[in-house]
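Heads up: the sequence shown runs through residues 579 to 1051, numbered per my numbering.
Just so it is clear, CB atoms sit at the ideal spot from N, CA and C, and this is done for glycine as well.
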Amino acid sequence: MKKRLFALLLALCLCIPASAAQNSAENFVRQRNYTGQFSDLNVSSPFYKNVAALYEYGLSEGRADGTYGLTDPMTVGQVMIFAARIRSLYRTGSPSAGPDAQAGGGAAQRASRYLQAEGVLDGGLEDSLNLPATRAQVAHVLAGVLPESALPVLYDELITQAYASRRYITDVTEYTPYYTDILSLYRRGVSMGSNDRGAFQPDSQITRGAAAAMLTRMVEPDLRVKPSWNLASLYSAKGTLLSDLVEPGEYCASPATNEEMDSSIRHMLSQGSHQLVLNYPGITPARARQIMEWALSAIKVYCEQSYNAVDCNYSSAGTVTLDFSATAANGKTESYRASAMESAIAVHDQMWEDGTITTDMTDKEKARVYYDWVCNHCAYDYKAGNESLSHIAYSVFSTGVSVCDGYTGAYNMLLKLEGIDCYAISNSAHIWTVATLDGETCHIDTTWGDSGSAISYDYFAMTPAQSRTYHSW
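In structure tokens, the structure reads:
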């Protein structure tokens, strides 16, 4: 009798850490070794490490017949029992102290009452204790069992981007029961789904083996999982053309207003063309010059396109042909434009790959990142003349020196790759950016922001009124 009592006391001690603390992940300690206690589990079994860990943490004793039941469905009540044991182990150092303190009823009912008393679960599954648990129900039971200090968010950005793309975890939507709990398990490394797209299968019944994997990942950091998804294609701007950065306009053969000229310019740019053919019957040389200067002023709004020079030919019939190019390009305008676009895409993609830009950032936060990049990677070209490549975006990316229209062109190109609406505004001596950031009109001057020994943010996200204190237009 004494010998039996001693063995019982020893078994109880194995379930309680010698120095148990309250509300501590340090209580998650393996107190015993798995040595084949479950007859249906061996080293080649699916989820072997997880089921063995359940035993070693004192969270499972298996079934009366000496099996664990790897492929059997787990009921809602059984999930609650395991969840309550994990909660109790964290809170008291004993997996049984919490649920055993609940009076009356079976083990599943006591576990459910304990979880509710702890404020980590509602009573919505009370009538389902004896039914096979769906994977969504398991997520609901487990999501609130441990605080973030014990089960931290590890992959928030990865899961947010993957889920928002609708390329991963595609079988979970906002209409899926407990979808926020499901995503929480992914973010904490408790689940990575069942295939290469991270499918969760929320309506499927869960097996005891698959449940063991989730349960043990909650208590042991080394067992947590990170999806091996390649999200490069989600943020990459590869394949974007300069023509894609322009909102298409309608062609007007004889523009008579600024709006009509702008629309014709946008039509040309969105078609990937550098030539605009207009028609003004009875045109005179003076009128042809006016149209040429008017069109050049209109295209300056889209300085990221790098067109800042125009050649005008007209006929006695009134046909006006405008060919746009870049100063100092020497016939290589399209090559410089393509190079600038390729460089801008590389900067954009690197920002996303590095996590410098993330999906949860505001437009203003993203715009500031690119403001910093331009200021840090370019210097003002005080030697530039009118016939210099420093007047186009190419100079910022390829030579690291530029003047205001180069600064502004490169910056606007980067903003537009982010889908931020912007354009260039100018006066007789200067040009800068106007962007819509989170619904607000903001003026941004990267050139002046880079005019001192350190980046100045006086010229970032200015209101129109603030901008007027520096610029006239």
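When DSSP states are grouped into helix, strand and coil, residue 993 belongs to the helix group. Residues of the same chain with a CB within less than 7 Å of the CB of residue 844, apart from the 5 flanking positions on each side, are 824, 825, 826 and 827 in chain order. By the Cβ neighbour-count rule, residue 863 is exposed, with fewer than 16 other Cβ atoms within 10 Å of its own. With a cut-off of 8 Å on Cβ pairs, the region 707 to 724 is not in contact with the region 733 to 746, counting fewer than three such pairs. For residue 930, the enclosing alpha helix (DSSP H) starts and ends at 911 to 932. Burial state of residue 665 is buried, judged by a 10 Å Cβ sphere holding 16 or more other Cβ atoms.
Two segments are said to touch when three or more pairs of C-beta atoms, one from each, lie closer than 8 Å; by this definition the region 1002 to 1009 touches the region 869 to 883. Out of 920, 834 and 762, the CA that lies nearest to the CA of residue 814 is found in 920.
Around the Cβ of residue 600, a 10 Å sphere holds fewer than 16 other Cβ atoms; the residue is exposed. The beta carbon of residue 978 is closer than 8 Å to those of 955, 956 and 957 in its chain, skipping five residues each way along the sequence. The three-state secondary structure of residue 783, taken from DSSP, is strand. Residue environment: residue 1018 is assigned as exposed (fewer than 16 neighbouring CB atoms within 10 Å of its CB, all protein chains considered).
Cβ contact annotation for residue 918 (same chain, cutoff 6 Å, sequence separation greater than five): 971, 972 and 975, in chain order. Boundaries of the beta strand (DSSP E) around residue 889: 887 to 892. If you check the CB distance, residue 662 and residue 692 come in under 8 Å. For residue 857, the enclosing beta strand (DSSP E) covers residues 853 to 857.
Taken through DSSP and simplified to helix, strand or coil, residue 977 comes out as coil.
Within the same chain, 958, 959, 962, 968 and 969 come within 7 Å of residue 981 by CB-CB distance, once the 5 residues on both sides are set aside. C-alpha of residue 773 to C-alpha of residue 1020: approximately 45 Å in a straight line.
Bridge partners of residue 1010 according to DSSP: 1003. Taking C-beta atoms as the reference points, residue 784 and residue 712 count as a pair closer than 8 Å. DSSP links residue 1018 through a beta bridge to 1015. Excluding the 5 residues flanking it on each side, residue 809 has same chain C-beta neighbours closer than 8 Å at 736, 739, 740 and 743, in chain order.
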